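Protein chains in written order, with my numbering: chain A, 6 to 282; chain B, 244 to 366.
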């Protein structure tokens, strides 16, 4: 669905990507993780056709995003981290945007904003950042595009909204869609994403399905000093050590995204060897 | 639903479904929530619920009627009991035993407490 080959991209002084390769498929919700400034947003913008590769190719749904062909634009939606919505009633926002997206579904839009507790008769002018974001997320989902990119969607959402956000995504996702969510709030999305893509220093550091991760790695609390010593990653916790080890006994544990991320950033080679074995 | 336990989410959802069946909230031959419905309710990826349902089909606890949905199998009670019992004996009981050993407790002490609990919650 999305193929990126040998992507080179940089801003005036700063190189971001020097030969990045990535393939994203339909039927997955990708969690795009990475430190600040590693290029998560830049990558999403290259996919959406908002920035152009300096070298290499980006292909989305068979199109070159940078050409911004209407057939491409009507099947992709991006919810950026920073956005501007004009001061107008929700009704007008829908009226001016929906016609560009043939698969837009008004019932769905209603359901999503209702789930988010936003009355349809409201005006954007009087809304907080979080509320506006919820309107934009609802609009993006209701457009039913094959590709949906979201940059830090849970930033600015209150506690209730994060739960509503997960419900809304779970309800709208299907095997023909590819959803990419970049985030730092790993706890918000732990149960939602089924593929983890970590980007670091301009390249893809890690890219695996959650199934593969829990088959190969075990996340648990350990009291066994030998096990703790040999762990791929360990972190003292209130009781025992939180560890990442090879999954040798076959039982699958729950993925701890935060622990996995730290393990990969701090002991990447060891983790990599588990997956290449 | 809070996923606190250390088990993979798809297995925790399997436990949840077995519990509904064992408590007879979901009855034999009744339709259970669709993959999407359960995913929304539990706020998880539909692929994860799909994996749970595939697993429970292998265990002959639920079955799929093409185009209609998933149903509680006639063998569900027996099979979910066996599945949960094995799981409990292998995974939970050793931890209970460990704590009991640590505190010098005897299994006999548990009996009256267990009776009281049953009376309070399931009478």
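Virtual Cβ for every residue (Gly too), placed ideally from N, Cα, C. Just so we're clear, the structure is a prediction, and the values are computed from it rather than from any experiment.
Strictly by DSSP, which residues pair up with residue 29 of chain A? A/7
Output yes if chain B places a C-beta closer than 7 Å to the C-beta of residue 176 of chain A; else output no. yes
Would you be able to state if there are at least three C-beta pairs under 8 Å between the segment 314-329 of chain B and the segment 268-284 of chain B? yes
Residue 227 of chain A - partner residues in DSSP beta bridges: A/246
Please list the terminal residues of the continuous beta strand (DSSP E) segment that includes residue 238 of chain A. 238-241
Roughly how many angstroms separate the alpha carbons of residue 127 of chain A and residue 147 of chain A, rounded to a whole number? 18 Å
Quick one: does residue 283 of chain B have its CB under 7 Å from some CB of chain A? yes
Is residue 33 of chain A buried or exposed, if buried means 16 or more other CB atoms sit within 10 Å of its CB? buried
Skipping 5 residues on each side, what residues in its chain have a beta carbon closer than 7 Å to that of residue 112 of chain A? none
Going by other Cβ atoms of all chains shown within 10 Å of its Cβ, with 16 needed for buried, is residue 41 of chain A buried or exposed? exposed
Measuring only the C-alpha atoms, how far is residue 110 of chain A from residue 82 of chain A? 14 Å
Grab me the residues of residue 76 of chain A's own chain with a C-beta within less than 8 Å of its C-beta, minus the 5 sequence neighbours each way, in chain order. 68
Length of the line joining the Cα atoms of residue 353 of chain B and residue 340 of chain B: 12 Å
Contact with chain A by residue 250 of chain B, beta-carbon distance below 7 Å: yes
With 7 Å as the threshold, decide whether the Cβ of residue 288 of chain B is near any Cβ in chain A. yes
C-beta contact flag for residue 97 of chain A and residue 249 of chain B at 7 Å: no
Please report how far the alpha carbon of residue 52 of chain A lies from the alpha carbon of residue 153 of chain A, in whole angstroms. 10 Å
Below 8 Å on C-beta distance, what does residue 102 of chain A contact in chain B? What residue 102 of chain A touches in chain B: nothing, since even the nearest Cβ is about 25 Å away.
Can you give me, in chain order, the residues of the segment 124-145 of chain A that have a beta carbon less than 7 Å from any beta carbon in chain B? none
Looking at the structure shown, is residue 108 of chain A part of a helix, part of a strand, or coil, going by DSSP? coil
At what residues does the beta strand (DSSP E) containing residue 311 of chain B begin and finish? Run containing residue 311 of chain B: none; DSSP gives neither H nor E here.
Taking the alpha carbon of residue 273 of chain A as the reference point, which residue from A/249, A/244, A/256 and A/253 has its own alpha carbon closest? A/249
Please list the residues of the segment 155-186 of chain A that have a C-beta atom closer than 7 Å to any C-beta atom in chain B, keeping them in chain order. 168, 171, 172, 175, 176 and 178
Roughly how many angstroms separate the alpha carbons of residue 255 of chain B and residue 213 of chain A, rounded to a whole number? 22 Å
According to a CB-to-CB cut-off of less than 7 Å, which residues of the segment 44-71 of chain A neighbour chain B? none
Assigned secondary structure, residue 101 of chain A (DSSP; H/G/I helix, E/B strand, else coil): helix
Within 10 angstroms of the Cβ of residue 70 of chain A, are there 16 or more other Cβ atoms? Answer buried if so, exposed if not. buried
Three Cβ pairs or more, each shorter than 8 Å: is that satisfied between the segment 207-222 of chain A and the segment 317-330 of chain B? no
Just to confirm, are residue 237 of chain A and residue 276 of chain A a CB contact at a threshold of 7 Å? yes
Show which residues of chain B have a CB atom less than 7 Å away from the CB atom of residue 225 of chain A. 249
DSSP state of residue 63 of chain A, grouped into three classes? strand
Taking the alpha-carbon positions, what's the residue 64 of chain A to residue 267 of chain B distance? 51 Å
So the alpha helix (DSSP H) residue 293 of chain B belongs to, where does it begin and stop? 289-301
Determine the extent of the alpha helix (DSSP H) in which residue 320 of chain B is found, giving its start and end residues. 319-330
Which residue wins for smallest C-alpha separation from residue 318 of chain B, given the options B/310, B/309, B/305 and B/330? B/305
Is the beta carbon of residue 191 of chain A sitting closer than 7 Å to the one on residue 262 of chain A? yes
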